[in-house]
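Numbering (this note's numbering), first residue to last: 19 to 198. Take a look at the structure set out below.
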Amino acid sequence: MMIFLVVIVMMSSNSHPAQTQMLFDFSKNATVDQWQIVDDVVMGGRSSGNFRLNDEGHGVFEGKISLANNGGFSSLRYRFDAVNVSQYTKVVLRVKGAKTTYQFRVKADASDYQSYVYPFETTGEWQDIEIPLSEMYPTYRGRKLNMPKFAHPTIEELRFLIGNKKPEQFQLCIDYILLK
Numbered sequence: 019m020m021i022f023l024v025v026i027v028m029m030s031s032n033s034h035p036a037q038t039q040m041l042f043d044f045s046k047n048a049t050v051d052q053w054q055i056v057d058d059v060v061m062g063g064r065s066s067g068n069f070r071l072n073d074e075g076h077g078v079f080e081g082k083i084s085l086a087n088n089g090g091f092s093s094l095r096y097r098f099d100a101v102n103v104s105q106y107t108k109v110v111l112r113v114k115g116a117k118t119t120y121q122f123r124v125k126a127d128a129s130d131y132q133s134y135v136y137p138f139e140t141t142g143e144w145q146d147i148e149i150p151l152s153e154m155y156p157t158y159r160g161r162k163l164n165m166p167k168f169a170h171p172t173i174e175e176l177r178f179l180i181g182n183k184k185p186e187q188f189q190l191c192i193d194y195i196l197l198k
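Below is the structure:
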């Protein structure tokens, strides 16, 4: 009887293999032309962000946040053709950054005014951040919206944003972004 139960458990665990889809895998040969910095300078602020590939092939989003002229944010945006996310429940980020808070944002349609947001903390070490799509809440210009959380079949935009209402230097290394 015990062997029968073990076989049943093994069969059921193999019948649903983990499926993932890579959204972006940084490497030395990665083309990063579609990644764009969007800072508070669009509204008169003085924060500055930069993006580059380092020698190891990781994406590096870095810069300085300034509160001058009512500023205080920097972001890194990636737009692409719609990806069907209906069979996935999470976005996984492999990142490394000094201890601070970032936001990961998605848009179902790049022309939507609202973004769906999930804040995450970095620890100073490489970490895998698992973000449940269903927990991403809608915002517009930093304000939470009275709308349902993310429940769309597609994504057309990814964004990392830092804006902790304080001046700070930042550096976020990104290894990959995938759906799970």
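Don't be surprised by glycine CBs; every beta carbon is placed ideally from N, CA and C. Here the structure is a predicted model, which means the values were calculated and not measured.
- By a beta-carbon distance limit of 8 angstroms, L190 contacts G115. Their separation comes to about 4 angstroms.
- By the beta-carbon neighbour count (other beta carbons within 10 angstroms, threshold 16), A86 is exposed.
- For E148, DSSP records a beta bridge to V110.
- Counting every other CB atom within 10 Å of its CB across the protein chains shown gives Q39 a total below 16, marking it as exposed.
- For A86, the secondary structure class from DSSP, reduced to helix, strand or coil, is helix.
- In the structure shown, V60 adopts helical secondary structure according to DSSP, grouped into three states.
- By the Cβ-count criterion, L111 is buried, with 16 or more other Cβ atoms from all chains shown falling within 10 Å of its own Cβ.
- Pairing P150 with F188, the inter-Cα distance amounts to about 25 angstroms.
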